[in-house]
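Student: With the sequence shown counted from 1, adding 1247 to any position gets you my numbering.
Yeah, the Cβ is synthetic: ideal placement off N, Cα and C, and Gly gets one too.
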Amino acid sequence: MKKTYLVTGGAGFIGANFIIHMLTNHKDINIINLDALTYAANLENLKEVEKDSRYKFVKANLCNIKEIEDVFKENEIDYVVNFAAESHVDRSIKNPTEFVKTNVEGTVNLLAVSKEAWENSKGEFKQGVRFLQVSTDEVYGSLGEEGYFSETTPLDPHSPYSASKASADLFVKAYYDTFKMPVNITRCSNNYGPNQFLEKLIPLIIFNAINLKPLPIYGDGKQVRDWLYVTDHCRAIDLVIKKAKVGEVYNVGGNNEKFNIDIVKTIIKILKETVNEKISEDLIKYVEDRKGHDRRYAIDASKIKKELGWEPQINFEEGIKKTVKWYVENKEWVLNVSSKGYLKYYEEMYSKL
Ligand code: NAD
Ligand code: DAU
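1) Can you tell me whether residue 1401 is buried or exposed, with buried defined as 16 or more other CB within 10 angstroms of its CB?
2) Look at the alpha carbon of residue 1590 and the alpha carbon of residue 1538, and state the distance between them as a whole number of angstroms.
3) Under 7 Å from any heavy atom of the ligand NAD, does the C-beta of residue 1523 make it?
4) Residue 1382 lies in the beta strand (DSSP E); which residues open and close that run?
5) Output needed for residue 1432: all residues of its chain with C-beta closer than 7 Å, excluding positions within five of it in sequence on either side, in chain order.
6) Can you tell me the Cα-Cα spacing of residue 1598 and residue 1522, whole angstroms?
7) Kindly give me the distance between the Cβ atoms of residue 1336 and residue 1378, rounded to whole angstroms, as I take these residues to be in contact under 8 Å.
8) Suppose only complete runs of 3+ residues qualify. What are the beta strand (DSSP E) ranges in the region 1455-1487, listed by chain order?
9) Quick one, are the C-beta atoms of residue 1503 and residue 1397 less than 8 Å apart?
10) Does the beta-carbon distance from residue 1314 to residue 1322 come in below 8 Å?
11) What separation, rounded to the nearest whole angstrom, lies between the Cα atoms of residue 1477 and residue 1581?
12) Could you give the DSSP three-state label for residue 1323: helix, strand or coil?
13) If we call anything under 8 Å between Cβ atoms a contact, is residue 1514 one with residue 1453?
14) Could you name the residues whose beta carbon sits closer than 6 Å to any heavy atom belonging to the ligand DAU, keeping them in chain order?
15) Tell me whether residue 1381, by its Cβ, gets closer than 7 Å to a heavy atom of the ligand NAD.
16) Let me check you understand the geometry: is the CB of residue 1484 closer than 7 Å to at least one non-hydrogen atom of the ligand NAD?
17) State the start and end residues of the unbroken alpha helix (DSSP H) segment that holds residue 1590.
18) DSSP state of residue 1506, grouped into three classes?
19) DSSP three-state call for residue 1444: helix, strand or coil?
20) Count the other CB atoms within 10 Å of the CB of residue 1493; is the residue buried (16 or more) or exposed (fewer)?
21) For residue 1561, tell me which candidate among 1480, 1585, 1576, 1328 has the shortest Cα-Cα distance.
22) Under 8 Å between the Cβ atoms of residue 1306 and residue 1283?
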């Protein structure tokens, strides 16, 4: 039976990579991409599939319940994959309310409409349906120098962004506990790869370095993130939807911890060798730290490996070279994104550089 996926936030970084991954690897599926097209969205990300008869785009906002209901009325949905979110920590520090609206209220709206469409009058859910909430390792808070986040680590979010994602996770859990709605939650570490909006560390450093602009490092640059190439995250989500036990949470991570400063130096080295020898560590500029900055994230992904057989396929050395190459070669994409709003954001954020 042909399955229909409702992918929310599919015009953003991971959502777009997920849609392309799914349509490339599975013939017999339909995908509806529901996206409000915020500053972070870019339909250019989906150019290669926009004419595919299995793909449909709907401009709709998770904060508007009627718009979600219309999508469910017009389509028989089997799987919901909820990527849609305000995703940038720095923006959440400046404007927490937007994060409550989309990440919390939007997720609850989507849960409510999915339940309404999938549940019969006896409170039983249609066979085979699934609601997957794409969450983040940031809901667990911050680690010291040792240890890993497991699925049983208590939630301890610090930023308005991670607090909103943790709240959404608790609503998803409540729909499982109260209604037995078939849900799963994935909590992934930092993703990188093509199509990531320029405000995030890796694309920002690539873009600024190519343009010989300062490279802002928050605090001492010794914060640790656990990086995963985006298609490895997409493969994990694909597996969870089809194979996971209902109600379970899965951590996803690359076992690839790096200091921020080392990420920046790696990018400089690649660009110096391949693009312009003027690109050097002299561009690095230490700036004021992010408020409440989490020190270290590290994921224990043994559950998804053991239960679902997932393994990352792209190692960091290969992934970062591919990513840098993508931004160097896709000048038009970069120009489009930078002129649409990134440069204004950058000037506001880093005006003192
Ligand atoms: P992104 O910011 O690149 O994209 C978010 C997308 O959601 C955009 O297309 C935007 O238009 C859409 N959107 C925002 N508000 C909406 C609304 N109210 N209604 C409908 N659409 C809306 O984000 P991303 O980096 O691709 O992250 C996707 C998801 O994965 C998020 O839920 C994020 O919390 C989670 N996540 C991200 C990472 C990461 O490293 N980027 C890691 C783990 C988990
Ligand atoms: O861990 C998963 C999370 O990863 C996702 O849930 C978020 O949606 C995603 O944005 C990302 O959050 P981070 O805050 O870790 O990502 P960001 O790229 O903003 O920053 C990565 C690290 O680099 C962080 O320690 C802050 C630092 N940084 C970031 C920027 C933008 C800098 O030092 N300088 C910068 O200019």
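Tutor: The short version:
1) The C-beta of residue 1401 has fewer than 16 other C-beta atoms within 10 Å across all chains shown, which makes the residue exposed.
2) The C-alpha of residue 1590 lies about 22 Å from the C-alpha of residue 1538.
3) Checking every heavy atom of the ligand NAD against the Cβ of residue 1523, none is found closer than 7 Å.
4) Where residue 1382 is concerned, the enclosing beta strand (DSSP E) stretches over 1377-1383.
5) If we look at residue 1432 and ignore the five residues flanking it on each side, its Cβ neighbours are 1380, 1382, 1416, 1419, 1496.
6) Those two C-alpha atoms are separated by around 27 Å.
7) The Cβ separation is near 25 Å, so there is no contact.
8) Runs of the beta strand (DSSP E) inside the region 1455-1487: 1462-1465, 1471-1473.
9) No. Outside cutoff.
10) No. Outside cutoff.
11) One C-alpha to the other measures close to 18 Å.
12) In the three-state reduction of the DSSP assignment, residue 1323 falls in the coil class, being assigned neither a helical nor a strand state.
13) Pairing residue 1514 with residue 1453 gives a Cβ-Cβ distance under 8 Å.
14) Each of 1334, 1335, 1336, 1383, 1384, 1385, 1436, 1437, 1447, 1448, 1451, 1463, 1464, 1465, 1470, 1472, 1507, 1537, 1544 has a C-beta closer than 6 Å to some heavy atom of the ligand DAU; these make up the full list, in chain order.
15) Yes.
16) Incorrect: residue 1484 has no Cβ contact closer than 7 Å to the ligand NAD.
17) For residue 1590, the uninterrupted alpha helix (DSSP H) run begins and ends at 1590-1596, by DSSP.
18) Correct three-state label for residue 1506: strand.
19) Secondary structure at residue 1444: coil, using DSSP grouped into helix, strand and coil.
20) Residue 1493 is exposed by the Cβ-count criterion.
21) Residue nearest to residue 1561 within the set 1480, 1585, 1576, 1328 is 1480 (criterion: CA-CA distance).
22) In this structure, residue 1283 lies closer than 8 Å to residue 1306 by Cβ.
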